[in-house]
Every structure is written in C-alpha cells, then in structure tokens.
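Student: Would you mind keeping the following structure in view while I ask a few things?
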Amino acid sequence: MPRYGGNGADRPEDILRELAERFKADWPKQLGVGWVVGALVAIWLVTGTYQVDPSQTGVVLRFGRAVATTGPGLHWHIPWPVEMVLKPPTAEIMKEEIGFRTIDPGPPARYRSVNAESLMLTGDGNIVDLDFIVQYKIRDPLAYLFHVRGQRETLRDCAESAMREVIGKSEIDAALTEGKFKIQEDAQALLQQTLDAYGAGIQVVTVKLQDVGPPEPVSDAFKDVISAQQDKERLINEAEGYRNDVVPRARGGAAQIVNEAEAYQQSRIKNAEGEARRFTQILKEYRKAPEVTRKRLYLEAMEEILPSMEKIVVGGKVGDNLVPYLPLRALKPSPKEKGGKE
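Each residue of the sequence shown is one higher than the one before, starting from 476 at the first, in this note's numbering.
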C-alpha cells in the first residue's frame, strides 16, 4: 500500500508508478463488469417494447397513474417498475350471460341454469323464469379501467337489476308473448343509464332475451293457458277475416242495388219527360190539323199492331161473295201459353 505523507512517505513519482501498475493488473475485470451492466440495461430497455392489436387500445401507467393511450402498432414505454401497459379490447363486442352459464359451447351446447338470477316477479304477481344476454363494448378505456372495480361483475349486477325493474312493471302475458321486444328495449335503456351514472365507460350494444317461461313446477299449466290464448287469437283472426270478406261484399251489393235503382229512376224520369214532350208536340200538331193528325196516329198504331196479326186481305167486290171466316185455331190458346200443356 502506498503511503501518503508522514516520515516514510514515498515520492510522488513512486505513487503514480504504483497506481499505473495496479490499473494494468485490474482493468480486464473492471471492463467485464461494465459489459455485463450494459447488457442488463439494454435488455431492460428492450422490455419496454410492446404490441397493441387492432382490437385493443394501449393504456400506459406510470407508477399506477394513466399518462397516455396508444393505438394499434408497435410502441415503447419506460420498462417496469416505472411504467406498465394495459390493453383493454375496445373494438371487441363482449357478452355476459344472466340467468344461465354456458358449460360447453358444443355442438351441442350445454348450459347451467342460475335460478338466483333468472327467477323474477312480474307486475301482476307472477313468477317468470327469464334468461338473457348483454352484448357490450368498451367506449372509454380509462373510465373502464379506473372508475369501476370488477367490471364484469358490476355489469352483470346492473343488468339483472335493470331487467328485474322492467319485468316488475310488465305483466306475465306480455313477457311470454308479444311484449318481449319492448322489454328488451326498456332494459337496455335502463342498463345504459345506470352504467353512465357509474362512469363505467361501457356501451351496451344489445339486450336479448334467450328463454322466457314459467317456473318448472307450473310450466304445464302455463302452456295450457298460452295454448288457449293462441286458440282465442286464432278464432278472433278467423272471425275478423270472415267479417272483412263478407262486409265489403255486402256493402258492394248494397251500393250496386242503390246505383241500379238510381239509374232506373233517372231512366223512368227521362222517359216520362220524353213522352210528355212528345205528347205536347203531337198536341200542338193536332191543333193545327186535327183530321190529318188523327189519321196519322191511326196509321202509326196499325203499323205497330198489324205485323203481329194473321191477316187475310180481300178486295171489295170479292168480299161480298165470301162466307164469313172465323179463325178458331187462332183463338185457341197455344201450348206455350198454357205452360207447355195441351
């Protein structure tokens, strides 16, 4: 060891010479340690590289606080423990099952019923067994990650609560038959309103009923009731169809009769008016020449009568020598006039 100061102190040139010799002896070991440290630092920096898929959004956390969001692609962040990255699937539509769970997607699929979630009370005091699904996507990744703890459980509880409220305002007939679509819409709107109030950052895509029916112990009685209701609706539809067929035809027949009566009325009126004008004209001509008019009327009447009569025309002198002729055969009714009997 070199000595610095004191009575036996080495000279400065001796001290420098000794330090140079020591450095020449230790430099390989010091250089190896530097390479190892540099390699470890390089590996640590490389661990900050991360890939974000097209369906994801990267959320960079620095000491647990969100500092940035990144889109799809290759990125880098300060490695752990300074920063870390979460990758929520913001473009993926996810699904939650309420009232049942899928054991095996199959085929054939196998399910397990969860009665604690599926049995609900309707507005008219009946119990209905209802299974449904909720499809949703992440609308705000920061709110989804940090505003609500246990996102899936929270969504499932909110969906069950919203559906119970909607079913509690509906009658069982609506839930089992034609009211399903309205129930789905109302439950979706109420669920979205609740999640927005929580700031969950979730957008509800759809609420869809899967299976709606009465509880198992009373299912047969409910099936009979539904069958009777369906028969009632069928008979009502058949009666309405018959009414829609008969009533228009009856109205059309009545309108036709009215139109024919009005046409006949107009025809009789026009004929009467024409006859009256004709009589007036004849009367006017008759007053001008009574004899000529009478003769003309006589001839016109004979023109109408004589064509339908059997006639024998005899000259004046020849007729004096003829025996009077009575057409008995013409006076005897024909079989046609007797209704076809002799």
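Using N, Cα and C, we set each Cβ at its ideal position, and we do this for glycine too.
1. Hey, does Tyr717 have any beta-carbon neighbour from chain B nearer than 9 Å?
2. Give the single residue among Val557, Thr532, Gly539 whose Cα lies nearest to the Cα of Pro547.
3. Which of helix, strand or coil does DSSP assign to Ser783?
4. Exposed or buried, what is Glu592 when buried is set at 16 or more other beta-carbons lying within 10 Å of its beta-carbon?
5. Go ahead and pull the three-state DSSP assignment for Thr755.
6. Put Ser588 into one of helix, strand or coil per three-state DSSP.
7. Given a threshold of 16 other Cβ atoms within 10 Å of its Cβ, counted over all protein chains shown, does Tyr611 qualify as buried or as exposed?
8. Report the rounded CA-to-CA distance for Pro765 versus Glu775, giving the unit in angstroms.
9. Along the chain, where does the beta strand (DSSP E) that runs through Gln610 open and close?
10. Can the beta-carbon of Arg651 be found less than 9 Å from the beta-carbon of Val721?
11. Count the other CB atoms within 10 Å of the CB of Ser694; is the residue buried (16 or more) or exposed (fewer)?
12. According to DSSP, is Ala764 helix, strand or coil?
13. Looking at the structure shown, is Gly688 part of a helix, part of a strand, or coil, going by DSSP?
14. On the CB-based measure, 16 or more other CB atoms within 10 Å of its CB, does Met638 come out buried or exposed?
15. List, from N- to C-terminal side, the beta strand (DSSP E) runs of 3 residues or more that fit wholly inside the segment 625-655.
16. Since Thr524 and Leu549 should fall inside the 8 Å C-beta cutoff, what is the C-beta to C-beta distance between them, to a whole number of angstroms?
17. Quick check: the segment 579-587 against the segment 617-636, are at least 3 beta-carbon pairs closer than 8 Å?
18. Quick one: give me the first and last residue of the beta strand (DSSP E) that Ala566 is part of.
19. From the DSSP output, which residues share a beta bridge with Thr544?
20. Given this structure, state the Cα-to-Cα distance separating Gly815 from Gln731, to the nearest angstrom.
21. Would you say the beta carbon of Asp699 comes nearer than 8 Å to a heavy atom of the ligand NAD?
22. Who does His550 pair with in a DSSP beta bridge?
23. Starting from Asp579, follow the beta strand (DSSP E) in both directions and report where the run begins and ends.
24. In three-state DSSP terms, what is Thr597?
25. Just to confirm, is the Cβ distance from Leu594 to Pro690 under 9 Å?
26. Between Ile834 and the rest of its own chain, which residues show a CB-CB distance below 7 Å, the 5 nearest in sequence each way excluded?
27. Residues in its own chain within less than 8 Å of Val542 by CB, not counting five upstream and five downstream?
28. Measuring only the C-alpha atoms, how far is Gly688 from Leu605?
29. Any idea what DSSP makes of Val560, helix, strand or coil?
30. For Ala672, which option in Val641, Glu708, Cys633 has the closest C-alpha, if you only look at C-alpha atoms?
31. For Glu571 and Ser530, which I take to be in contact (beta-carbon distance under 8 Å), what is that distance rounded to the nearest angstrom?
32. Nearest to Gln685 by CA position, among Ala696, Gly574, Ser645, Gly643, is which residue?
33. How about Val516 and Thr545: are their beta carbons less than 9 Å apart?
Tutor: So, from the listed chains and residues:
1. Checking the listed chains, one finds no chain B in this structure; it contains a single protein chain.
2. Start at 1 with the first residue of the sequence shown, and residue 547 comes out as number 72. Minimum Cα distance to Pro547 is reached at Thr532.
3. Mapped onto the sequence shown, residue 783 falls at position 308. In the three-state reduction of the DSSP assignment, Ser783 falls in the helix class.
4. As a position in the sequence shown, residue 592 is number 117, starting the count at 1. Around the beta carbon of Glu592, a 10 Å sphere encloses 16 or more other beta carbons of the protein chains shown; the residue is thus reported as buried.
5. Position 280 of the sequence shown, counted from the start, is the residue given in the question as residue 755. Looking at Thr755 - three-state DSSP - the assignment turns out to be helix.
6. Working through the sequence shown from its first residue, we reach residue 588 at position 113. In this structure, Ser588 counts as strand in the three-state DSSP scheme.
7. Counting from one through the sequence shown, the residue named residue 611 turns up at place 136. So Tyr611 counts as buried.
8. Along the sequence shown, read from residue 1 onward, the residue named residue 765 stands at position 290. Along the sequence shown, read from residue 1 onward, the residue named residue 775 stands at position 300. Distance between the alpha carbons of Pro765 and Glu775 is about 15 Å.
9. Residue mapping note: residue 610 aligns to position 135 of the sequence shown, counting from 1. Note, Gln610: beta strand (DSSP E), 602-613.
10. Taking the sequence shown and counting its residues from 1, one reaches residue 651 at position 176. Taking the sequence shown and counting its residues from 1, one reaches residue 721 at position 246. Note that residue 651 corresponds to Leu in the displayed sequence, not to Arg. Going by C-beta atoms, Leu651 is not nearer than 9 Å to Val721.
11. Working through the sequence shown from its first residue, we reach residue 694 at position 219. Within a 10 Å sphere around the beta-carbon of Ser694 sit fewer than 16 other beta-carbons, which makes this residue exposed.
12. Numbered from its first residue, the sequence shown carries residue 764 at position 289. In the three-state reduction of the DSSP assignment, Ala764 falls in the coil class.
13. Position 213 of the sequence shown, counted from the first residue, corresponds to residue 688. The answer is strand: DSSP assigns Gly688 an E or B state.
14. Within the sequence shown, the letter at position 163 stands for residue 638. Taking all protein chains in view, the Cβ of Met638 is crowded by 16 or more other Cβ atoms within 10 Å, so the residue is classified as buried.
15. Runs of the beta strand (DSSP E) inside the segment 625-655: none found.
16. Here the question's residue 524 lines up with position 49 in the sequence shown. Here the question's residue 549 lines up with position 74 in the sequence shown. That belief holds up - the Cβ atoms of Thr524 and Leu549 are roughly 7 Å apart, short of 8 Å.
17. With a cut-off of 8 Å, the segment 579-587 and the segment 617-636 do not count as touching, because too few Cβ pairs lie within range.
18. Here the question's residue 566 lines up with position 91 in the sequence shown. Membership of Ala566 in any beta strand (DSSP E) is not indicated, and neither H nor E is assigned to it by DSSP.
19. As a first step, residue 544 must be located in the sequence shown, where it is residue number 69. Answer is Val534.
20. Position 340 of the sequence shown, counting from 1, holds the residue named residue 815. Position 256 of the sequence shown, counting from 1, holds the residue named residue 731. Confidence at Gly815 is low in this model, with a pLDDT of 49, below 50, so its placement is unreliable and the value that follows should be read with caution. Rounded to whole angstroms, the separation of the alpha carbons of Gln731 and Gly815 is 36 Å.
21. Questions concerning the ligand NAD fall outside what the structure shown contains, since it holds no ligand whatsoever.
22. What you label residue 550 is simply residue 75 of the sequence shown in a count that begins at 1. DSSP lists Tyr525 as the beta-bridge partner residues of His550.
23. Taking the sequence shown and counting its residues from 1, one reaches residue 579 at position 104. Where Asp579 is concerned, the enclosing beta strand (DSSP E) stretches over 575-579.
24. The residue labelled residue 597 in the question sits at position 122 within the sequence shown. In the three-state reduction of the DSSP assignment, Thr597 falls in the coil class.
25. As a first step, residue 594 is located in the sequence shown; it is residue number 119 there, counting from the start. As a first step, residue 690 is located in the sequence shown; it is residue number 215 there, counting from the start. The answer is yes: Cβ separation under 9 Å.
26. Because residue 834 is not part of the residues shown, which for the chain are 476 to 817, the question remains open.
27. As a first step, residue 542 must be located in the sequence shown, where it is residue number 67. Cβ neighbours of Val542 beyond the five flanking positions: Val535, Leu536, Glu558.
28. Walking along the sequence shown from the start, residue 688 turns up at place 213. Walking along the sequence shown from the start, residue 605 turns up at place 130. Inter-residue distance for Gly688 and Leu605 is about 7 Å (C-alpha atoms, whole angstroms).
29. The count along the sequence shown starts at 1 and reaches residue 560 at position 85. DSSP places Val560 in strand when its eight states are reduced to three.
30. Sequence index remark: in the sequence shown, residue 672 carries index 197 (1-based). In this structure, Cys633 is the residue among Val641, Glu708, Cys633 with its C-alpha nearest to the C-alpha of Ala672.
31. In the sequence shown, counting from the first residue as 1, residue 571 sits at position 96. In the sequence shown, counting from the first residue as 1, residue 530 sits at position 55. Their Cβ separation, rounded to whole angstroms, is 18 Å, which puts Glu571 and Ser530 out of contact at 8 Å.
32. The residue given as residue 685 occupies position 210 in the sequence shown. Answer by Cα proximity: Gly574.
33. In the sequence shown, counting from the first residue as 1, residue 516 sits at position 41. In the sequence shown, counting from the first residue as 1, residue 545 sits at position 70. It is not a contact, given that the beta carbons lie outside the stated cut-off.
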